[in-house]
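All letters in the sequence shown, in the order written, are residues 1 to 340 by this note's numbering.
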Amino acid sequence: MSAFDSAAFLKNLTSQPGVYRMYNSQEEVIYVGKAKNLKKRVSSYFRSNLDNAKTRSLVSQIANMDVTVVNSETEAFLLENNFIKKYKPRYNVVMRDDKSYPFIFLSDHEHPRLSFHRGPQKKKGEYFGPYPSAWSVRESLRSMQRIFPVRQCEDSYYRARSRPCLQYQMQRCSAPCVEGYVSDEEYKEQVNFARLFLKGKNQQVIGGLVEKMEAASEALNFEAAARYRDQINALRKVQERQWVAGTQDEMDVFGFAFKGNMACIQVMFIREGQLLGSKAYFPKVPNTADEQEVFESFFLQFYLAGNKVIPKQIVLSNTLTDEDAIADVLASEAGHKVQF
């Protein structure tokens, strides 16, 4: 056992909520934990009848401890996550991938552009997502290019054009860069259809395209009517692949498997009834962690790592120890109520 004097430490420890850090003899943070009652929680590590061999292994390496007292359990959750992210302690579950998720960006331009975006949302325009991977964003952009002739080129390329590029010849852009190919009104119409599609309003898009097709047909503009027909058919094919029955909401769905010291968490992202994709995560799992700790630690790190969109509804394969407290933490970050 280490020379840490747990009795002296516990004697003056407060019963308020807070975060505790455990250090080894090299002054490395080896574990970070939170507590509604610091004295009660920390005392549990030093019981004489501690029967968990994994916890005994952790305690045997403690050379020092310190605590940070906070005002509420919500603050404790947030501070614990910050410390885990900062120190990456060997006995904590650590999420390996804390990159921000990518979005589709629709620029605020005279002729708006659709593009891939990751990082701070500082540009003027609209952001749609999040998507689980860069691949899923690019695949969505490719699908949209076949349906909506909205430009995806860089602004510098757009400004330099004197004639339409190959994307126009392939009917994947309406060439707003060159005068005379598409009116501002027609381009704006396609941008609005693309915007509605990204919001999951597929039926509204199809209804609008059907009206346009019928109007073009009545005006004997059969070429335009055929284009609208092709848009409708392409959109219906995409809708069949993405639609999730029974929901029009934004929702994340978590599935969890744990065996030995291996854990896999699969997360599905649903927005406005459309499945944007899914992603599997394999967090670093210490020998001391049990199934509940692994799931809850990953779950909190997942949403509190920054640049993560927190939906209004989250479906979980596992229960949470303190569901109400965690819902309050997520609500404080998201600015809206979160339901499990």
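Even for Gly, the Cβ is constructed at its ideal location relative to N, Cα and C.
The region 100-114 makes contact with the region 305-325; the number of CB pairs closer than 8 Å reaches 3 or more.
Excluding the 5 residues flanking it on each side, K212 has same chain C-beta neighbours closer than 7 Å at Y228, in chain order.
Residue nearest to H111 within the set C177, F222 and L320 is C177 (criterion: CA-CA distance). Going by DSSP, K259 is part of the beta strand (DSSP E) stretching over M251 to K259. Spanning the alpha carbons of K54 and Q292 requires a straight line of approximately 15 Å.
For D66, the enclosing beta strand (DSSP E) covers residues N64 to V69.
Non-local beta-carbon contacts of Q167 in its own chain, meaning distances under 6 Å to residues more than five positions away in sequence, involve C173 in chain order.
About 52 Å separates the Cβ atoms of L114 and M65, ruling out a contact at the 8 Å cut-off. One thing to note: V70 has its Cβ no nearer than 8 Å to the Cβ of T14.
A distance below 7 Å between beta-carbons, with the five flanking residues on each side excluded, links D108 to the following residues of its chain, in chain order: K124 and G125. Per DSSP, the unbroken alpha helix (DSSP H) holding G207 starts and ends at N202 to E218. Contact fails between the region 132-150 and the region 282-296, because fewer than three Cβ pairs, one in each stretch, are under 8 Å apart. Taking I232 as reference, the option from Y20, G207, E250 and A215 with the minimal CA-CA separation is G207.
In the DSSP secondary-structure assignment, S278 is bridged to M268. By the criterion of at least three beta-carbon pairs nearer than 8 Å, the region 263-280 is not in contact with the region 29-42. The distance from the Cβ of E80 to that of V29 is about 12 Å, inconsistent with a contact at the 8 Å cut-off.
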